[in-house]
Structures are given as structure tokens and as C-alpha cells.
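Here the sequence shown stands for residues -32 to -1, 1 to 968, numbered as in mature numbering (1 follows the signal peptide of the UniProt record, and there is no 0).
Encoded as C-alpha cells, the structure appears first; notes follow it.
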Amino acid sequence: MSEITSIHERQHFCFLFLVVMLLCFTNNPSFSSKLNTTRCFESDRKFLLNISQGCSTQDNNSYTHDCCNWPGITCSSLTGRMIGLDVSVFLDNCFLGAEYPTFKLSSPILLEDLVSLRVDLDEVSFTKGFSSFITSFPNLRHLYLASNEYPGIAIPMELGNLTRLETFEVYGLYANTLRMLSRLTSLKRLVLSSVSLNEATDWLHVVSNLPRLEHLDLSNCYLPSAIYHSRHGVNSSKSLAYLDLSSNNLDASSWSWIFNHSSLNSLLISNNQLAGSIPNNFKRMTSLSHLDLSYNRLDGQLPSSLLGLCGLRNLDVSQNRRLQGDLSRIFWSLSCAKESLTVLSLQRNLFSGSLPDLTMFSRLSKLTLHSNRLNGSLPSYANRSTMASSLTVFDVHNNQLTGSVPDLSAFGSLKVLKLQNNKLNGSVHPGLGQLSRLRHLDVSSNSLKGNLGISHFANLSSLRYFDISFNSLTMNIGYSWVPPFRLETIGLASCNVGSRFPEWLRTQTNYSRLDLSNSGISDTVPFWFWNLSSVATFISLSRNRLHGKLPTDLPVNYYMNPAIDLSFNFLEGTIPSFFGNTVYLNLSRNSFSGPVSFLCLNSITFGIDLSHNNFSGNFPNCWSNFEGMSVMDLSNNSFSGQLPSSLGYLSSLQSLHLRHNKFSGKLPMSLCNLTYLFDLDLGDNLFTGEIPECLGTMLKNLTILSLRNNFISGNIPPQLCHPSIQILDLSTNNISGVIPKCLCNLQAMTQKKSQPVVMFDSNGTFSTIGVPYKDYISLVLKGYMYNDANHLELVKSLDLSRNSLRSKIPEEISCLTGLVSLNFSGNNLTGSITSKIGSLKSLESLDLSDNHLSGEIPSTISELNFLGTLSLANNEFSGKIPTGTQIQSFAASAFKGNPGLCGEPLLNKCPGDGDGDRKGVGVNVDDRNTKDDNNDDVFDLGLYISVALGFITGFWAICGALVLKRSWRFAYFRFWTRVYDRLNVLVNVTVVPARRRYFG
């Protein structure tokens, strides 16, 4: 019996040995490949050859025998049957990247062993039979469909026949209903990302009745709103662990269905229409570790049930803009998750308070709190390196934090530190130099002060982004210092780097952005600087005291076409030829001279500013290859000759400044091709001829038109009265005819504030640091020339002065209710001022002097409460000047040269006025001396009486006189108005230009 047992055991052992050996051999790649050469099943090969009809490599033996080794094919190592098919990979290799014919099946073939199928419908084109193709695989477990280019492809209804499907992922496509999924009771993973479901109102009912569903992704599906009922949630609440409903239009009615899934581990519902407060129903969702509520419209405070989830790893409520609460309370409430929390994103909300101790969250790696209302100072974390080593991103920029940059050496893993745009006003601790993993450091736009020495940079070998711009920091590092880092972004604007050009820059050979503007350099630019980095995208050395000439023959190649800004320096000589390969070139406010023909040999993509230099000669006629240019400023030079006709090829040009040159000839008709032009400034030149009508008909976006101080003749074309123009300056020309009656069409002048125009932020085009380009206008306002770039949307001006215009001022002028400045002086205008002049409520400057206007000054002119400058001199006005505090505050010179005028502020009185010369309005009170030194009570009483009588007398001596005597009152207000105007002029003419020149 024992022998029989031993025999059976040996047989059993041998059988197991054979099975194990068989498994080993079949799993051996070389053995499997040998098997595959002989076991490619006929049905599999027939199917593949069927769908690869016309394949360019079909004659290759690998495509006729060993089908399991074909690209995109997966076979079972045990059975040899095809179990996986990636149609796109298979056909791409079959046709070697060539365009293959439309996918079609001559006859359906059932492949019962296939369990995984991938189809990219952007690469595989079905004429018909897609549905039957899908149903060719009855035992399919995993199906992946994608279409990014053809979202009009529908999810086939026959999909419901694949009842064994466990994974279904679709990207793109659309569906009017999801009822085809109702029979897929084995489905565990459902991804319908970017599938258009805006008409699938049954989505909630269907997905709620998939009993084994664990992963549900319906992101960016345009889901229609659906009301949750208890019958929807059959079994899904017990199995669903991952739910992504982000980027839809879900509102607060969706909360009830979401909270039914207490088993959720990850909940992503960002970028929806959730509004109101966050419900306090998270206490049942104890498994929740990842919650994303960002980009909604939530408000109020974070509920305690949310902050009390002990398993939270990632919490994102950013970009709601209305969430609020004290930051210390939030961190205290999150202490339950101190061992798990790794990412906390609260940016762009209304959270306030000071930063708490972060060391209690030992696993916190990313903390973003920027764009809130945080205040207080940054806490110091010295001597806590063992507790705070996990933090890699610390972002608190754009808050109201004060104090110094403390010792942060405890955060040894820190890679990103963003403190910019706060109110930090202290120093920077040298411990910053111990952060050896730091890659991104930004403390710009604060009020930090003090020196940065070598110890601040000692171990920053990983640093790539460095921006300390717009502080009062000084780089005290020595001339021969060799930094440990290789920077990609260098921001030192408005910091003191020393008078010599920084030698340490020679080691920074791979930077893309460099801003050394206003950094106190008084030196020449060394030759080696221009060949430092071939990948530079932004270089700014503006607002320094750089001098000398630039090299013109260096072989410099910028692969990225950088933006270069050398404005506001003392550079001279000719322009280097390599400056032509730039996206934006700003050489303004220097002493450059010579030809600019180098521009024709290169390509400037965005714009060029050569203003305020010494360039002369004709401007080159080579602009046919510059269609993308947006800005051109050649003002304040000595260019001459006619404008080149090729300017008309600058079809993208938005701003053209040619003021203060010696250009002559007629305005070329090619200017009318600049259909995107906002700002056209041709003032202070020698142009002749008439104004082309097409400037009004073709340039629909034109906002500013200045032809000031030329020799333009002819009439004002009525076509210039189009809605977008808000500044029109045709002054000091030879224009004749009448003022057009189409003024009411100037709609931009009828509004107090227009859309921001002539503002082009080119900064985002080429740099994250540096000063953006802002357009400006040279404008005569209140008798002074301004070069202003701020708040242009508020400036509305109409200046037709110093011409030969005749006839009357049209009543339509009253339409321009947003007008700030109106100047018709120095013409031959006749008639009276319209009584509707009082409608111009925003008017600050009015000049109608030196004309032949007559009649009475309308009383409504006293309603112009913001009027600061007025001149009606040298006309033929008559009658009494209207009374009003504002009018009588102007000097008599505003009304001189009108013999028929009378009344204040003129000296000649109007008939019927009283003498108005009453004197002695006040009562003089003699000093009163008490003689009763022995009686304190009498003395005190006399003192009180004297004080009271003195106050009453003094008050009425001054104020009473102003009340009773009109001429004194007018003189008093006129005095303070003149003081205000003089102070205002002093600030705008002296202080503001100086501030712009030295501080930007």
C-alpha cells in the first residue's frame, strides 16, 4: 500500500514538474517567439490582413506569418491568440507613416479572445461598419476610443452588447444618451473625458446604476444639470472611489448626489458653477484624500467637517475669489491631517491673518497662498530642519506681508520661493543661501533694503530663476565674484548692482530673460555681454548711465529673437546689425545716429522704438516683409523725405509715431491699408496736401489721430467722424472750410470712459519680468504739451485750433459729453456759442479765443464745474459775463479783446450794477485793558467777553465781507484757483517728467 502511495506521489510530482516547465517555457520570450512563428491563428491573421488591405509592407514575411510580433498586437503567451489590438499603431507601422486608405471590413469576424482594444479615430477613418467592428469582440474587457479632431463621431449604441467590459475610456466624441452603458454591469472604470454630453440628460441615472463602478471621469463634458433622486444611487455609493466632474456647468444642486458617495477617495469638481457656501456635509466622507474645488464661485468660510478630514492629502480651493477666513484657524482645524497633508492650495481668495507655524505639517510639500489678504510678518523657522524638510513650494506672493525675509534654512527641500508683490520692508537673512535645492526665488516688488553678500548665494547651486527687482537692495558681492549658479531668469531692475558693469554676468551663459534696468550702472557695455546667451528672449539695460558705442561687427546670433531695451541711456554711434533679429527693439532716449537700413536685412516681429535720437535721412522703403509688426515709434529725430509706400504692408500695425521729424509730401494712401491702427501721430512735420478720406472709412479702429503742426490743407472730411476716435488733433495747419456737423458720430467722445485702447502689453509676449510696452500720446492740454501713457481711456480731446475754419460752431458739439479738452482758437469762426455748451460736463479746458464769435456768453457755461482753463479772448462777445464762482475765478485775460463784455472779472461794470463799493464791513475793536487787578472774577469775565467779541468781529470782518461784497468774493476764489493751477502745472511740467525719466 505504501508502494502504491509512493508511486502516486511520484506521478503527481512529475505532473507538477511538467506543468511548471511548460509555464516557464511558454513565458520565455525566445520560446514564445519560436511558438509564434508556427501558431499565428488563421482567424487572427485573416482579420489583420483584412483591415490592412493596401498595406505598403504587406509583402514582408513578418506581415504574413508571425502576426503576434506585428506592432500594436498583443498575444497570450499560453494560447497564442490575439488578446490586444492597438489599431492606430498597427496601421501606422503597416503603412510606414503614409496616409492609408479608409478603414473597412469586407465581412465581420468574431474574435472571442480579444480583451483589449485601442482605436484613435483621428487616424482611422471608417466609412461604415464601426459599430459592427466594435461588436466583433464579444469578450472585450478594456476599450479605449479617442478623437480630438472629429468630435462629431458618436459613441455607438452597440457598445451595450459588450457586457463583460470593465474599462471604457473615451476622449472626444459625443453622445445624446448614455443608455448604452446601462447593461455594462461589470464596468469598473469609466472615462468620458471631453465627450460632448450636453444632450445626455440621463447621465446621472445611468452612472448611478453601475454597481461595480470605482473610477468615474466626466470632465469637460458640458453635462446638463440633473436633479438627484434617491433612486439614482443604487450601489454606486459603496464602490465609487474616484470622481472627476471638473470643467462642466454644475451648480449647487449637484452637492446632494456627490455627498451620497461616502466611499470617495478623490473628488475633483473644479471649474464649475458652484456658488454659495461649501456644505458642511463632509464628515461622512472619511476616506477623502484629494479634494479639488478650485475655479468656482464659492464664498464664506471653509466648513469644519471639511477641515476635520484626517486623511486629507491634497486640498485645493483656489481661484474662488470669495472664500474667506483666518489662516491660523484654518491650519489649526487641519491639524487632524498634519501627518497626511501634502498639498494645500488656497490662492486667489480673501483669506486673511498671519502665517502660522508650518513645521507641524511634516509632509506638506506644496503651499500656495498667493493673492489673498495675508498680513503680518513671515515666521522664522531656524533650527527646525528635521521638522520642515518636506516643503518644496512656498508661494505667498501678492499679499500684504511685512517685515524681513527670515531664516528659511529649515526648509532644506525648498525649490520654489515666491514672496513678490508684498510689503516686505526689512532685510534678507543670509540663511537664504543655505537652500541648496532652491530653483525659483522671487522677492520682487517689495520694499526690502540692505546688502546681499556672498553668503546670501553661497549654496544656491540649483538656482535658475532669480528676481529681486523693484526693491532697495544692493548687490555687495565684489567685482571678481563667481556665482555658484547658472541662471535662466535674472531680475535686478531698480536694484543697485554698482557703477561698473557686473563682471559676474560672464558666467551666466544660458539665460533667457535679463533685466538690469535702473540698476545704477555708469559704464560702457562690454563686448563679451552680447555673446553671453544665444537663447535670450528679453534683455533690458534701460534707465542707466551707459555710454559709448556698441560693437557693429560682432558675429552675434540670437536663436530666439529677443526683445532688447536700451532706452534712457547715453549710448551713441550706429546701431549694431545684429539688433535686427529681435522681436522688439527699444533704443529711445539715446544719441544714436547714422542709417537705419540694417532693418531691411533682418526681421523685427513686434515693434521698434527709435524715438528721441539723432537719426536723419530718408526712412527705408523695405517694409513688405514686416506684416507682423505692431509698434513703430520714430518720433523726435530728423528723418526727412516722403513716407515710404511700403508702410502699407504693415497690416498688423497698431501704433505709428512719426512726430517731430522732417517728413514731407502728401500723406500716402497706403496708410489706409493699416486697418488695425489705433494710434496715428504724424504731428510736427512738413506734410502737405489734404487729409485722405480713407483714414476715416478704412481705419475702423483708429482712436488717436494727430496731424498737428503741418501744412495740411483742404476741408475736414466728414468721414473722420467715426465712433472710435477719442483724440483728434488737426491744429496748426492750413485747413479751411467748416467744422463738420457729424460730431455726434464721435461716440468715443460722448463717453466719460472708453475701453482701454492704445495700450499694448507686449511684456507677456516675450518676458515675465521687465516693464511692458505702453502706448502714449503727445497732447496739448490746458496750454501745455504732455507725453502721457496712463489712463488714456479717460482722455477725450478735440483740437482744431490755428487753422482757417469759418462759419459757426455746430450745435452738435453738445453731443460730446465726455470731452475733456476743446480748442477751436485761432480760426475765423463766427456766430454765437450754443446754449447747450453746459452739456459738456467733463470739460476741463475750453479755448475759443482769436475768432469772430459774437453774442452773449451763454449762462450754461457756468455749469462746467470741472473747467480749469478758459479762454474766450479776442472775439466779439457782448453783454454781461455769466455769474458763477467757477467763471469769476478766471483771470480777466480770459475775456480780454471783447469790448462789448462787462462784469466780473473785468473792471468795466455792466449798466444797472450797483457801486458795490461799500466799505467798513468789519468793525474794529480796540484793545480792552482791565484796571481792576484786585478782582479776579471781573478780570476773567472781561477776558471771556473780549475773546467772544474778537472772534465774532474777526469772523464777520473776513467772511462777512466775502458774503456781502461780490467782487471780493470772486477775487478770493480766483486767487485759490490760480494757486491750484500753478501747483498743478508745476507738478506736471517739472516733477512728473523727472519721475518718469529716473524712476519709470
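Glycine included, C-beta positions come from ideal geometry on N, C-alpha and C.
Small disclaimer: the values here were computed from a predicted structure and weren't measured.
Report all residues from its chain with a CB closer than 6 Å to the CB of residue i; omit the five preceding and five following residues, and keep chain order.
| i | result |
| --- | --- |
| Leu460 | Leu484, Ser487 |
| Val311 | Asn282, Lys334 |
| Ile121 | Leu89, Ser115, Leu141 |
| Gly418 | Ser395 |
| Phe497 | none |
| Leu403 | Leu382 |
Out of curiosity, what's the CA-to-CA distance linking residue i and residue j?
| i | j | result |
| --- | --- | --- |
| Leu814 | Leu578 | 34 Å |
| Gln368 | Arg297 | 18 Å |
| Val83 | Phe105 | 8 Å |
| Leu149 | Trp225 | 19 Å |
| Lys709 | Asn795 | 17 Å |
| Ser545 | Leu624 | 23 Å |
| Ser1 | Asn37 | Note that Ser1 has pLDDT 41, beneath the 50 cutoff, so the model's placement of it is unreliable and no number is given. |
| Ser822 | Ser775 | 12 Å |
| Ser245 | Ser320 | 18 Å |
| Asp267 | Asn288 | 7 Å |
| Val524 | Phe547 | 9 Å |
| Leu400 | Ser377 | 6 Å |
With the cut-off set at 8 Å, would you say residue i and residue j are in Cβ contact?
| i | j | result |
| --- | --- | --- |
| Ala862 | Leu835 | no |
| Pro522 | Asn499 | Correcting the residue identity first, residue 522 is Leu in this sequence and not Pro. Going by C-beta atoms, Leu522 is nearer than 8 Å to Asn499. |
| Asp375 | Pro347 | no |
| Ser187 | Ser215 | yes |
| Ser330 | Ser358 | yes |
| Leu615 | Leu639 | yes |
| Ser415 | Ser395 | no |
| Asp170 | Leu146 | yes |
| Ser789 | Ser817 | no |
| Asn589 | Asn605 | no |
| Gln315 | Ser345 | no |
| Leu256 | Asp284 | no |
| Asn629 | Asn701 | no |
| Leu773 | Val763 | no |
| Phe438 | Leu455 | no |
| Tyr626 | Met597 | Looking at the sequence itself, residue 626 is Leu, so the reference to Tyr does not match. Against a cut-off of 8 Å, the Cβ pair of Met597 and Leu626 comes out as no contact. |
| Leu428 | Val411 | no |
| Arg132 | Leu108 | yes |
| Asp81 | Ile51 | yes |
So residue i and residue j are in contact, right, with Cβ under 8 Å, and what is the actual spacing, rounded?
| i | j | result |
| --- | --- | --- |
| Phe250 | Pro271 | 7 Å |
| Gly128 | Leu152 | 7 Å |
| Gly585 | Ser608 | 7 Å |
| Asn529 | Thr573 | 6 Å |
| Asp697 | Ser674 | 4 Å |
| Ser828 | Ser803 | What sits at residue 828 in the sequence shown is Thr, not Ser. Yes, they are in contact, since the Cβ atoms of Thr828 and Ser803 sit about 6 Å apart, within 8 Å. |
| Asn683 | Ser699 | In fact, because the Cβ distance is near 16 Å, the residues do not count as touching under 8 Å. |
| Thr135 | His110 | 4 Å |
Spatial neighbours of residue i within its chain, please: C-beta separation below 8 Å, excluding the five flanking residues on both sides.
| i | result |
| --- | --- |
| Glu824 | Ser800, Phe845, Ser846, Gly847, Lys848 |
| Lys383 | Thr360, Val361, Arg405, Leu406, Arg407, His408, Ser430 |
| Asp219 | Ser193, Asn240, Gln241, Leu242, Ala243 |
Let's test the definition: count the other Cβ atoms within 10 Å of the Cβ of residue i and tell me whether it reaches 16, buried, or not, exposed.
| i | result |
| --- | --- |
| residue 975 | Beyond the ends of the chain as shown, which are -32 and 968, falls residue 975; an answer cannot be given. |
| Leu46 | exposed |
| Gly880 | exposed |
| Pro660 | buried |
| Cys878 | exposed |
| Asn677 | buried |
| Tyr263 | buried |
| Val163 | buried |
| residue 975 | With the chain represented from -32 up to 968, any question about residue 975 goes unanswered, as that position is not in the structure. |
| Asn512 | buried |
| Pro470 | buried |
Please decide whether residue i counts as near chain C, where near means a Cβ-Cβ distance under 8 Å.
| i | result |
| --- | --- |
| Lys634 | The question asks about chain C, but that chain is absent: this structure has only one protein chain. |
Which residues in the same chain have their Cβ closer than 7 Å to the Cβ of residue i, if we skip the five residues on either side of it in sequence?
| i | result |
| --- | --- |
| Phe98 | Pro124 |
| Leu711 | Cys689, Pro778, Glu780, Ile781, Cys783, Leu784 |
| Pro685 | Ile659, Glu661, Gly664 |
| Pro451 | Phe425, Trp472, Thr475 |
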